[in-house]
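The next block holds one structure in the form of C-alpha cells; read it before the comments.
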Amino acid sequence: MVESKQQWKAWLYLAPAIVLLLVFTVWPIINTVGMAFMEGYSGLTKAGGEATFKIGLGNFIHVVGHPDFQQAMKNTILLCLFTVPLSTILALLIAVALNAIKPLRKALQTIFFLPYVTNSIAIGMVFAAMFNVIGSIGTRRPMIISYGVVNDLIRAFGGNWINWINAGSEYWANMVVMVIYIVWNALPFKILVLLGGLQSINKQYYDAAKVDSTPRWRVLTRITVPLLSPMIAYVVITGFIGGFKEYTSIVGIFGENMGPAHDAGRLNTMVGLIYDSLEMDNQGGASAAALILFGIILIVTLINLQVSKKRVHY
Amino acid sequence: MKIVLKNLTKVFPSRNKKSNDEVIAVNNFDFEIPDGKLIGLLGPSGCGKSTTLYMISGLQKPTGGQIFFGDDDVTQLSTEKRGIGLVFQNYALYPHMTVKQNILFPLQNLKGADKMPKEKMLEQAYHAAKLVQIEDLMERKPSELSGGQQQRVAIARALVKMPRVLLLDEPLSNLDARLRLQTREEIRRIQKETGITTVFVTHDQEEAMSISDMIVVMKLGVVQQIGEPQSVYDSPANLFVAKFLGTPPINVFEGEVKNETLYIGDEAVLSVPGVASQPVTVGIRPEGFQLDPMGPLKCRLSNVEVMGRDVSIVSKHENSLNPIIRSIINADHKVDIASEFVSYSLKPNKVFLFHKETEDRIFF
C-alpha cells in the first residue's frame with residue numbers, strides 16, 4: 019500500500035485516463051440505462067425543450083415485440099452457434115498441426131495471421147466478389163456474365179451454381195456465406211492464442227505419453243485439449259461475445275442493406291438493429307436493445323464460465 | 122529381460138555449423154545388464170548418464186551402436202513399441218487427471234491382444250497402487266500430493282503395464298533427505314518384488330551404492346568402471362572413481378614410490394611391493410587411517426568432530442591435494458584435542474596408488 023501522503027500523486031497520474039473513461043464510457047453507460055426506461059425519448063424532442071416521454075418499460079416491450087428484433091435475434095444466435103464451435107475446432111486443429119511441424123512454421127504462422135491485420139470490410143468485399151453472380155438472375159432468360167469463383171469451383175466439379183448473395187437468394191445460402199466469412203475471419207486470433215498455449219505445455223507430458231504408448235488421437239483428446247482447456251475457454255467466451263456483436267461482417271458482404279437486394283435487413287444483427295434505431299432517432303429503443311444485448315451476453319458468458327468451471331482444469 | 126548396449130554412442134552436433142564443437146555425450150558404451158537387476162548409472166552432471174537412459178527408452182536416438190532387449194534389437198524401435206516404464210525426474214504426472222486416471226492411462230492405451238476389460242484394468246491399477254502404498258490417494262489430483270507421493274504415483278504409472286524394463290531418471294532428486302532414504306528403500310523393495318530389470322540415473326553416489334546390484338560410473342560420456350558397489354568402492358579403477366565414491370570423500374596426497382616403498386613427503390608410509398619407482402597420486406579412504414603414536418604419517422591436527430559411534434578427525438598435511446584430511450576413527454580411541462600433531466599408520470587395503478598423469482590405478 020502506498021503511503022497516504024503519496025496517494026494524491028497516484029491519483030494525479032490516473033486522472034487523465036479516469037476523466038476520459040468517465041466522460042466517454044461510464045457516463046454513456048449510465049445514460050443508456052436511463053434512456054432505455056424513457057418511452058418515446060429522442061434527442062430531438064429533448065433539444066426542442068419538450069419532455070414528452072414517460073418512464074416505464076415501454077421501450078423494452080416495443081423492442082422485444084418488433085419483428086425486426088426477432089429476426090436480428092435469430093440471425094445473431096444462429097451465427098454464434100455455427101461460427102464459434104466451428105472456428106474453435108478448426109483453430110485447434112490448425113494450431114496443433116502448426117505446432118507439430120518444424121520447417122515453414124514461421125511462414126505459415128504469418129500467413130494464418132494475415133487476416134487479423136487486414137481490414138474486415140475489405141475482406142468482406144473480396145468475399146462478396148467471390149460469391150457474387152453478375153448478370154440478370156430471375157428473368158425469364160437469365161444472362162449470366164460471371165458466376166463468381168465459388169460457383170465456378172462448384173461447376174467445375176459438376177454441381178449446379180447457387181445464388182449465394184444476390185437478389186432472389188435464399189436465407190440459408192446467405193447464412194452459409196456469412197458463416198464461412200466469419201469463421202475465416204475469426205481463425206487468426208484463435209490460432210494465435212491456442213498456439214501460445216500449446217507452446218507453454220511441458221514437453222515432458224508428450225514424452226510420458228509416448229512411453230505409455232498413447233495413440234495420436236488420444237494424445238490430442240486426453241492430453242493436449244485438457245491441458246489447453248484454459249485457452250480454449252478463453253477463446254470460446256471471447257468468441258461468443260464477439261459473435262453477439264457481429265455487424266461489420268454483414269456490412270462487408272451485403273453492404274448497408276444488411277441483406278440481399280430483394281429483402282433488405284434480412285441478415286440484420288443485434289448491433290445493426292441498435293444502429294438502425296439510432297438513425298431513426300429512436301434513442302430509447304436503441305438503449306433498450308443495447309441493454310437486452312448486454313443481458314444476453316452476460317447470461318451466455320455466465321453459462322460459459324459455469325461450464326468451464328467443470329471442464330477446465332487447474 | 123536383459124538389456125544389451127553395444128558400442129552405444131550419442132553425438133550432439135554443434136549448434137554452429139562452421140565450428141566443429143560437437144559434443145560426444147555418450148562414447149562407445151558397452152554393457153550387458155543382467156535380467157532382473159537394479160543398475161545405477163552414476164556420474165556428475167554432463168557425464169551422459171541421462172542420455173544413456175533416454176536412449177534405452179527410445180526418446181533419444183543413438184548416433185551409433187545398438188540396444189537389445191533380450192534378443193530383440195530395439196535400436197530402431199520407437200518408444201511406443203518398446204514396452205518400457207519411465208519415471209521422469211519431475212514425474213510428468215498428467216495434472217488434469219486423478220491419481221487413478223494417471224495409473225489407468227497406460228492400460229487404456231493397450232491395443233489388440235493386450236487390451237483388457239475395465240475391471241481388469243482397475244484391478245491392475247489398484248495392484249500397482251498397493252505396491253507403492255498409495256491406495257488411499259486414488260481420487261486426488263497430482264497437485265494435491267506431496268513430492269514423495271507424486272513420486273510413488275509416477276512409479277505406479279510406470280509399473281502398471283508390467284514393463285519389460287523400468288527406467289528412473291534421478292528419481293529421488295526432488296525429495297527431502299528423510300524421504301529420500303525411505304524412498305530409495307522403497308524402490309529397492311518394489312524392484313525386488315516385481316523382478317523387473319531396472320536402470321536408474323543419479324548423481325548421488327550414496328544413493329547408487331545403497332540400492333544398486335551394480336553401478337556404472339561415467340565421466341564425460343565414457344564409462345569409467347562397472348561393478349558391484351562394494352567392489353567398485355574397494356577397488357576403484359582410477360582416481361576419478363575413487364574420488365567420486367565415498368562420503369566423506371577419499372583423501373588425496375602427492376607421493377612417490379622409491380624402492381617399493383611409498384613416501385608422502387619425506388616419510389616412508391607404506392611398503393608397496395612390485396611398484397616401480399615413480400611419482401604417484403595417493404588416495405587414502407577416511408577409514409584407512411589408524412591412530413598410532415609411532416605412525417609414519419604425521420599431520421597437523423585442526424579439529425575433532427564427534428559423530429557418536431565414530432569420530433572424524435580433521436587435520437592438515439603439506440602434501441595433501443585437498444585443503445583438509447578427514448579420517449574416521451572408532452570413538453573408543455581417545456584423541457587429545459590440545460595436541461598439535463596427530464600420527465597415523467595406514468591400512469594397506471584402503472590405500473590406492475594412481476599414475477600421476479593418466480590417473481589410472483597402480484596395483485600392488
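Residue numbers (this note's numbering), protein chains in the order written: chain A, 19 to 332; chain B, 122 to 485.
Ideal Cβ placement from N, Cα and C applies to all residues, glycine included.
Rounded Cβ spacing between residue i and residue j (contact assumed at less than 8 Å)
{"i": "A/Phe78", "j": "A/Tyr134", "result": "Not quite, the Cβ-Cβ distance comes to about 37 Å (not below 8 Å), so this is no contact."}
{"i": "B/Phe361", "j": "B/Gln345", "result": "6 Å"}
{"i": "B/Lys127", "j": "B/Gly186", "result": "5 Å"}
{"i": "B/Gly316", "j": "B/Gly157", "result": "5 Å"}
{"i": "A/Pro278", "j": "A/Ile183", "result": "6 Å"}
{"i": "A/Asn93", "j": "A/Leu285", "result": "6 Å"}
{"i": "B/Met259", "j": "B/Val208", "result": "Contact flag wrong, Cβ pair sits at about 19 Å."}
{"i": "B/Ala249", "j": "B/Val281", "result": "4 Å"}
{"i": "B/Leu412", "j": "B/Ile458", "result": "Not confirmed; about 13 Å, so no contact."}
{"i": "B/Leu418", "j": "B/Glu388", "result": "6 Å"}
{"i": "B/Leu524", "j": "B/Phe485", "result": "The structure shown does not extend to residue 524 of chain B, since chain B is modelled only from 122 through 485, so no value can be given for it."}
{"i": "B/Glu265", "j": "B/Asn359", "result": "In fact, because the Cβ distance is near 47 Å, the residues do not count as touching under 8 Å."}
{"i": "B/Leu252", "j": "B/Glu314", "result": "7 Å"}
Neighbour flag for residue i against chain B, beta carbons, 7 Å
{"i": "A/Lys228", "result": "yes"}
Cβ neighbour criterion (16 or more within 10 Å) applied to residue i
{"i": "B/Asp290", "result": "buried"}
{"i": "B/Asp257", "result": "exposed"}
{"i": "A/Trp26", "result": "exposed"}
{"i": "A/Pro34", "result": "exposed"}
{"i": "A/Asp230", "result": "buried"}
{"i": "A/Val167", "result": "exposed"}
{"i": "A/Asp294", "result": "buried"}
{"i": "B/Gly277", "result": "One point to set straight first is that residue 277 of chain B is Ala, not Gly, in the sequence displayed. B/Ala277 should be labelled buried."}
{"i": "B/Glu328", "result": "buried"}
{"i": "B/Asn470", "result": "exposed"}
{"i": "B/Gln197", "result": "exposed"}
{"i": "A/Gln217", "result": "exposed"}
{"i": "B/Phe462", "result": "exposed"}
{"i": "B/Ser199", "result": "exposed"}
{"i": "A/Ile73", "result": "exposed"}
{"i": "B/His217", "result": "buried"}
{"i": "A/Leu39", "result": "exposed"}
{"i": "A/Gly52", "result": "exposed"}
{"i": "A/Thr128", "result": "exposed"}
{"i": "A/Leu320", "result": "exposed"}
{"i": "A/Ala140", "result": "exposed"}
Below-7 Å beta-carbon distance, residue i vs any chain A residue
{"i": "B/Leu180", "result": "yes"}
{"i": "B/Ala213", "result": "yes"}
{"i": "B/His476", "result": "no"}
{"i": "B/His217", "result": "yes"}
Let me know the alpha helix (DSSP H) ranges lying completely inside the segment 162-224 of chain B, each 4 residues or longer, listed in chain order. If you keep only unbroken alpha helix (DSSP H) runs of at least 4 residues inside the segment 162-224 of chain B, you get 170-178.
Residues of the segment 216-246 of chain A in Cβ contact with chain B at a cutoff of 8 Å, in chain order, please. Asn220, Gln222, Tyr223, Asp225, Ala226, Lys228, Val229, Asp230, Ser231, Thr232, Pro233, Arg236, Arg240, Ile241, Pro244, Leu245
Residues in the segment 316-327 of chain B with C-beta within 7 Å of chain A's C-beta atoms, listed in sequence order? Taking 7 Å as the Cβ-Cβ cut-off against chain A, none of the residues of the segment 316-327 of chain B qualify.
Give the residues from the segment 194-209 of chain B that approach chain A closer than 9 Å (Cβ to any Cβ), ordered along the chain. Ser199, Thr200, Glu201, Lys202, Arg203, Gly204, Ile205, Gly206, Leu207, Phe209
Chain A contacts made by the segment 219-251 of chain B, where a contact means CB separation under 7 Å: Phe226, Pro227, Asn230
In chain order, which continuous runs of the alpha helix (DSSP H) of length 4 or greater are located wholly inside the segment 356-405 of chain B? 360-365
Give, in chain order, every unbroken run of the alpha helix (DSSP H) that is at least 4 residues long and sits entirely within the segment 267-316 of chain A. 288-297
For the segment 141-186 of chain A, which segments carrying the beta strand (DSSP E) assignment without a break, of at least 3 residues, lie completely within its bounds, in sequence order? 152-154, 161-164
For the segment 222-268 of chain A, which segments carrying the alpha helix (DSSP H) assignment without a break, of at least 4 residues, lie completely within its bounds, in sequence order? 243-262
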